[in-house]
Amino acid sequence: MAFENLVSITFTQQELNTLDEALKNIENVLKGKMQNLTPEERRQYGSIAEQNKLFVNKVKMYMEQYPDYVPRYIDKAEFDRDYQARTDLEPRYSRLKSIMEQITDTKVLLDYDNYQASLSFYRSIRVLSQENIPGSNVIADDLKQFFHRGRNKSETEKNKEAE
């Protein structure tokens with residue numbers, strides 16, 4: 001049975017080189033400026049919701065309107081640098097996130113197409129093997145290792161057999 005190919009794309013070597021160069025340029029600009037958090041740190045710091053971003057924006061406005069009210073223990077210059085860097089990164093983050101979503105979706109479809117074609121090939125090889133076509137048995141035996149037949153035994157069943 002034929003399958004429907006969901007996506008068909010190719011990249012020229014020049015296109016791949018252009019992508020690699022663009023990624024290298026991005027990495028070079030960001031080098032030494034970005035942070036890598038551990039999973040625990042990501043949970044600890046989390047991310048602020050849109051409502052909290054509005055709060056931060058409002059506080060920034062008040063800090064600028066009423067600089068005498070800013071407590072001395074807040075480094076306003078650092079707050080402003082952090083705020084500006086966040087503002088600068090946001091549109092770029094959105095663009096990169098959109099690009100990553102498109103790449104991920106395309107990769108999913110490419111993987112699906114490849115897997116479906118591979119299953120079709122395997123089914124065909126199994127038929128050829130059943131008809132004893134020379135060379136097909138070796139291929140069928142090699143590929144069947146990727147498919148487990150029967151149900152897995154539970155730990156209880158395995159323990160009973162061991163006794």
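So in full-length UniProt numbering, spot 81 of the sequence shown is number 81, and the numbers just go up one at a time.
Glycine is no exception: its CB is placed at the ideal position from the N, C-alpha and C atoms.
In three-state terms, what does DSSP make of residue i?
{"i": "Thr12", "result": "coil"}
{"i": "Pro91", "result": "helix"}
{"i": "Met34", "result": "coil"}
{"i": "Leu6", "result": "coil"}
{"i": "Glu131", "result": "coil"}
{"i": "Asp141", "result": "helix"}
{"i": "Val70", "result": "coil"}
{"i": "Ala49", "result": "coil"}
{"i": "Phe147", "result": "coil"}
{"i": "Glu163", "result": "In this prediction, Glu163 scores a pLDDT of 49, lower than 50, which makes its location untrustworthy; the coordinate-derived value is nonetheless stated afterwards. It is coil, neither helix nor strand."}
{"i": "Asp75", "result": "coil"}
Kindly indicate which residue of the options has the alpha-carbon position closest to the one of residue i.
{"i": "Phe147", "options": "Leu96, Ser124, Leu119", "result": "Leu119"}
{"i": "Ile9", "options": "Pro67, Ser124, Asp113, Gln145", "result": "Asp113"}
{"i": "Lys53", "options": "Gln65, Arg86, Lys97", "result": "Arg86"}
{"i": "Gln84", "options": "Gln65, Asn57, Tyr115", "result": "Asn57"}
{"i": "Leu23", "options": "Gln145, Asn132, Leu96", "result": "Leu96"}
{"i": "Tyr93", "options": "Asp20, Leu30, Glu21", "result": "Leu30"}
{"i": "Met34", "options": "Tyr66, Val59, Asp82", "result": "Asp82"}
{"i": "Asn5", "options": "Arg42, Tyr115, Ile99, Asn132", "result": "Tyr115"}
{"i": "Glu90", "options": "Val59, Ile133, Tyr66, Glu50", "result": "Glu50"}
Taking the CB atoms as reference points, tell me whether residue i and residue j lie closer together than 8 Å.
{"i": "Met61", "j": "Val70", "result": "no"}
{"i": "Ala117", "j": "Phe11", "result": "no"}
{"i": "Val7", "j": "Thr106", "result": "yes"}
{"i": "Ala140", "j": "Arg126", "result": "yes"}
{"i": "Leu143", "j": "Tyr122", "result": "yes"}
{"i": "Ser124", "j": "Asn137", "result": "no"}
Original post:
Looking at C-beta atoms only, is the number of pairs between the region 15-23 and the region 42-54 that lie closer than 8 Å three or more?
Top reply: no
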